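Novice: Quick one: this structure, given as structure tokens, is what I'll be asking you about.
There are 2 protein chains.
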Amino acid sequence: MYSYKYPRPALTVDCVLFGWDMQTEQLKVLLIERAHDPYKGFWAFPGGFVDMDETADVAAARELEEETGVTNVYMEQLYTFTGVERDPRERVVSVAYFALVKPHKHKVVAASDATRAQWIPLSEIEKLAFDHAIILKTALERLRGKVRYQPLGFELLPEKFTLTQLQSLYEAVLGEQIDKRNFRRKVLKSNILIQLDEYETNVSHRAARLFSFDQTRYEELTAKGYIFEL
Amino acid sequence: MYSYKYPRPALTVDCVLFGWDMQTEQLKVLLIERAHDPYKGFWAFPGGFVDMDETADVAAARELEEETGVTNVYMEQLYTFTGVERDPRERVVSVAYFALVKPHKHKVVAASDATRAQWIPLSEIEKLAFDHAIILKTALERLRGKVRYQPLGFELLPEKFTLTQLQSLYEAVLGEQIDKRNFRRKVLKSNILIQLDEYETNVSHRAARLFSFDQTRYEELTAKGYIFEL
DNA sequence: CCAAAAGTGTTGGGACTACACCCATGA
DNA sequence: TCATGGGTGTAGTCCCAACACTTTTGG
């Protein structure tokens, strides 16, 4: 038992992971079905308590791995939720994290406590536990805000992709149609794509050229104050 | 005494308040001189513990008022600092807040516990307690990022101001020179300024016209998806 | 009349939008 | 040969950066 002069809220982390499903061209979110009350049967973000000897960043990575098997993803702090009644049991403050992953690279494994972890399409999400609907909304706003001035698209796509795939992703995230020619011109001019000598296979129409993201080049440009836009 | 099965970090808030000194054309930050150890004599942001029945937002506003007498300012959450060794006494997690105020409208009063609260020019800040130097750095990045696409300048200036005053403020925050004609054209075209029929007084040169910020108009434009830039 | 800051227009180049047709491939 | 998506260019407009002189005022 640990005793304090004044009461303290518990401290947790929650991880909002976005992934892009290339087959269905949908944004998905990694969720866990809760096995116990409160909110038994509801969906929730992976997360859990912050230990005394770890930062919230470390706790977020650890909980994510424990609950979903997903490791080694870039996460950034999103927002801290401090509502007094967030958790019906007791006061819990939660630091939420935000990440973009390539789902095919991160096989979701059965969670340690036998709850299901699954990629759920954004459009089909319902019954979220606690205040996780608000957390999701906040994460979506961050995603839409960032996508315009940081090349986030490449975090979600496989290493090699076509320009049309990149465009569909942007259209889905931004919720608007983009002109094909203008999109291509803009993204190529930015000089952060490497044109490969490879093409799609197994398509019943002209095969599209593949590209990859030039991380090194992007870092060079960023260091010089360059800001990627749309 | 309050007992828990597992240890818990304490939860605090810290408030980073920026103000603009029109006389000296300097950005200032509201700081408190610590009266006790640890970090006795160092400067720190106003802040304190989050009570069990209040959100962090409420705690930030309350602590700010208690320690500096400043009330009724718009604050937004900045970032949550969770370093294990932030506080040498015990583990303390702090939710930092960020605000812009018009210093002349917020008289700083003697703090309740006899410590000094003062506006310190950014360039003269030293000896910050805890990890407050990192918090300040984070707040400055937020300020510089936001100033480009939100009309923050008006939060810092008095109700009536000249275009030159507005420009100096932007130059100070962004750390770069701006062309006078281009700046004026751009800011006037944005349609969020009201041109007044009033002029500076007591200057020994041509008196500059005064303007005020058109809050209503800005909200109309924002609602329609307009995004202010520079 | 002098010092000091206010105020004002133009031009050239680059970026953005809108828009429609031919090409390559597999079935 | 057909269906499907891949790939390409131009013209008009708007926005931006760069740049220097005249005006007003108080001392």
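Protein chains in written order, with my numbering: chain U, 7 to 236; chain D, 7 to 236.
The beta-carbon is built from N, C-alpha and C at its ideal position, and this holds for glycine as well.
As the structure is a computational prediction, the values presented were derived from the model and not from experiment.
Using 8 Å as the Cβ pair cut-off and three pairs as the minimum, do the segment 19-26 of chain D and the segment 18-35 of chain U touch?
Specialist: The segment 19-26 of chain D vs the segment 18-35 of chain U: no contact.
Novice: If I'm right that residue 70/D touches residue 76/D with Cβ under 8 Å, what's the distance once you round it to whole angstroms?
Specialist: For the purposes of this step, residue 70/D is taken as the residue at position 64 of the second sequence. For the purposes of this step, residue 76/D is taken as the residue at position 70 of the second sequence. Between residue 76/D and residue 70/D the Cβ distance is about 5 Å, and since that is below 8 Å, they are a contact.
Novice: Is DSSP giving residue 29/U helix, strand or coil here?
Specialist: Within the first sequence, residue 29/U is the residue found at index 23, counting from 1. Looking at residue 29/U - three-state DSSP - the assignment turns out to be coil, as it is neither helix nor strand.
Novice: Is it buried or exposed for residue 221/D, if we count other Cβ within 10 angstroms and need 16 for buried?
Specialist: Locating residue 221/D in the second sequence gives position 215, where the first residue counts as 1. The residue is exposed, with fewer than 16 neighbouring Cβ atoms inside 10 Å.
Novice: Report the three-state DSSP secondary structure of residue 80/D (helix, strand or coil).
Specialist: Residue numbering aside, residue 80/D sits at position 74 when the second sequence is read from its first letter. In this structure, residue 80/D counts as coil in the three-state DSSP scheme.
Novice: Anything in the segment 37-60 of chain U with a Cβ closer than 9 Å to a Cβ of chain D? List those residues in chain order, please.
Specialist: The segment 37-60 of chain U vs chain D, Cβ under 9 Å: 55, 56, 57, 58, 59, 60.
Novice: Does the distance from the CB of residue 57/D to the CB of residue 50/D come in under 8 Å?
Specialist: To locate residue 57/D, count along the second sequence from 1; it is residue 51. To locate residue 50/D, count along the second sequence from 1; it is residue 44. No, the pair does not count as a contact, with Cβ atoms beyond the cut-off.
Novice: Short of 7 Å Cβ to Cβ, which residues in the segment 97-115 of chain D face chain U?
Specialist: Taking 7 Å as the Cβ-Cβ cut-off against chain U, the residues of the segment 97-115 of chain D that qualify are 97, 99, 101.
Novice: With a CB to CB cut of under 7 Å and the five nearest residues on each side skipped, what residues in its chain are close to residue 106/D?
Specialist: For the purposes of this step, residue 106/D is identified with residue 100 of the second sequence, where counting begins at 1. Once the five neighbours on either side are set aside, the close Cβ partners of residue 106/D are 24, 158, 161, 162.
Novice: Residues of chain U with CB closer than 7 Å to the CB of residue 89/D, please, in chain order.
Specialist: Taking the second sequence and counting its residues from 1, the one referred to as residue 89/D is at position 83. Those within 7 Å of residue 89/D in chain U are 61.
Novice: Could you round the C-beta distance between residue 14/U and residue 213/D to whole angstroms and report it? I think they count as a contact, below 8 Å.
Specialist: Taking the first residue of the first sequence as position 1, residue 14/U is located at position 8. Taking the first residue of the second sequence as position 1, residue 213/D is located at position 207. About 58 Å; that fails the 8 Å criterion.
Novice: To the nearest angstrom, how far is the alpha carbon of residue 111/D from that of residue 165/D?
Specialist: Locating residue 111/D in the second sequence gives position 105, where the first residue counts as 1. Locating residue 165/D in the second sequence gives position 159, where the first residue counts as 1. Approximately 10 Å, taken between the alpha carbons.
Novice: Determine whether the beta carbon atoms of residue 74/D and residue 36/D lie at a separation below 8 Å.
Specialist: The residue labelled residue 74/D in the question sits at position 68 within the second sequence. The residue labelled residue 36/D in the question sits at position 30 within the second sequence. Against a cut-off of 8 Å, the Cβ pair of residue 36/D and residue 74/D comes out as a contact.
Novice: So residue 11/U contacts chain D; which residues on that side make the cut at Cβ distance below 8 Å?
Specialist: Along the first sequence, read from residue 1 onward, the residue named residue 11/U stands at position 5. Near residue 11/U (Cβ distances below 8 Å), the residues of chain D are 7, 8.
Novice: With three or more beta-carbon pairs closer than 8 Å as the criterion, would you say the segment 200-216 of chain U touches the segment 166-176 of chain U?
Specialist: Yes, since at least three Cβ pairs between the segment 200-216 of chain U and the segment 166-176 of chain U fall closer than 8 Å, the two stretches touch.
Novice: Since residue 198/D is in the alpha helix (DSSP H), which residue starts that stretch and which ends it?
Specialist: By one-based count along the second sequence, residue 198/D stands at place 192. Residue 198/D -> no alpha helix (DSSP H), and no H or E assigned at all.
Novice: Could you tell me the boundaries of the beta strand (DSSP E) in which residue 218/D lies?
Specialist: Against the second sequence, residue 218/D aligns to sequence position 212. Counting along the chain, the beta strand (DSSP E) containing residue 218/D begins and ends at 215-219.
Novice: Could you check what DSSP says for residue 69/U in three-state terms: helix, strand or coil?
Specialist: In the first sequence, counting from the first residue as 1, residue 69/U sits at position 63. The answer is helix: DSSP assigns residue 69/U an H, G or I state.
Novice: Terminal residues of the continuous beta strand (DSSP E) containing residue 99/D?
Specialist: Walking along the second sequence from the start, residue 99/D turns up at place 93. 98-107 is the extent of the beta strand (DSSP E) around residue 99/D.
Novice: Can you look up residue 134/D in the DSSP assignment and give me helix, strand or coil?
Specialist: Mapped onto the second sequence, residue 134/D falls at position 128. Of the three classes helix, strand and coil, the one that applies to residue 134/D here is strand, per DSSP.
Novice: In chain order, what residues of the same chain lie with their CB nearer than 7 Å to the CB of residue 101/U, ignoring the 5 residues before and after it?
Specialist: For the purposes of this step, residue 101/U is taken as the residue at position 95 of the first sequence. Within the same chain, residue 101/U has close Cβ partners 19, 62, 83, 86.
Novice: Using a 10 Å radius around the Cβ and a threshold of 16 neighbouring Cβ atoms, would you call residue 224/D buried or exposed?
Specialist: The residue given as residue 224/D occupies position 218 in the second sequence. It is buried - the Cβ of residue 224/D has at least 16 other Cβ atoms within 10 Å.
Novice: Counting along the chain, where does the alpha helix (DSSP H) carrying residue 173/D start and finish?
Specialist: The residue labelled residue 173/D in the question sits at position 167 within the second sequence. Counting along the chain, the alpha helix (DSSP H) containing residue 173/D begins and ends at 169-180.
Novice: Out of curiosity, what's the CA-to-CA distance linking residue 176/U and residue 184/U?
Specialist: Counted from its first residue, the first sequence places residue 176/U at position 170. Counted from its first residue, the first sequence places residue 184/U at position 178. Those two C-alpha atoms are separated by around 8 Å.
Novice: Starting from residue 48/U, trace the beta strand (DSSP E) in both directions and tell me its first and last residue.
Specialist: Start at 1 with the first residue of the first sequence, and residue 48/U comes out as number 42. It is not in any beta strand (DSSP E) - residue 48/U carries neither H nor E in the DSSP assignment.
Novice: For the segment 13-29 of chain D, which residues have a beta carbon sitting closer than 8 Å to at least one beta carbon of chain U?
Specialist: Answer in chain order: 13, 14, 15, 16, 17.
Novice: Any beta carbon of chain D sitting closer than 8 Å to that of residue 83/U?
Specialist: Looking up residue 83/U in the first sequence gives position 77. Yes, because at least one Cβ of chain D sits closer than 8 Å to the Cβ of residue 83/U.
Novice: I'd like to check one pair, residue 234/D with residue 198/D: are the Cβ atoms closer than 8 Å?
Specialist: Position 192 of the second sequence, counted from the first residue, corresponds to residue 198/D. Position 228 of the second sequence, counted from the first residue, corresponds to residue 234/D. In contact: residue 198/D and residue 234/D (Cβ atoms closer than 8 Å).
Novice: Starting from the beta carbon of residue 86/D, find every residue of chain U whose beta carbon is closer than 8 Å, and list them in chain order.
Specialist: One-based indexing of the second sequence puts residue 86/D at position 80. Residues of chain U passing the Cβ test: 62, 83, 86, 101.
Novice: Establish whether the CB of residue 228/D and some CB of chain U are separated by less than 8 Å.
Specialist: On the second sequence, position 222 is the one that residue 228/D refers to. Residue 228/D does not count as touching chain U.
Novice: Mind checking which residues open and close the alpha helix (DSSP H) that includes residue 75/D?
Specialist: Here the question's residue 75/D lines up with position 69 in the second sequence. Taken as a continuous stretch (DSSP letters only), residue 75/D belongs to no alpha helix (DSSP H), as it is neither H nor E.
Novice: Residue 127/U bridges to which residues according to DSSP?
Specialist: To locate residue 127/U, count along the first sequence from 1; it is residue 121. DSSP, once it has assigned bridges, lists 34/U as partnering residue 127/U.
Novice: On the three-state DSSP scale, how would you describe residue 20/U?
Specialist: By 1-based counting over the first sequence, the position of residue 20/U is 14. Strand.
Novice: What did DSSP end up calling residue 224/D once you bin it into helix, strand or coil?
Specialist: By one-based count along the second sequence, residue 224/D stands at place 218. Residue 224/D falls in the helix class under three-state DSSP.
Novice: Classify residue 138/D as buried or exposed, calling it buried when 16 or more other Cβ atoms lie within 10 Å of its own Cβ.
Specialist: The residue labelled residue 138/D in the question sits at position 132 within the second sequence. Burial call: buried.
Novice: Helix, strand or coil, according to DSSP, for residue 231/D in the structure here?
Specialist: Indexing the second sequence from 1 puts residue 231/D at position 225. Three-state DSSP puts residue 231/D in coil, outside helix and strand.
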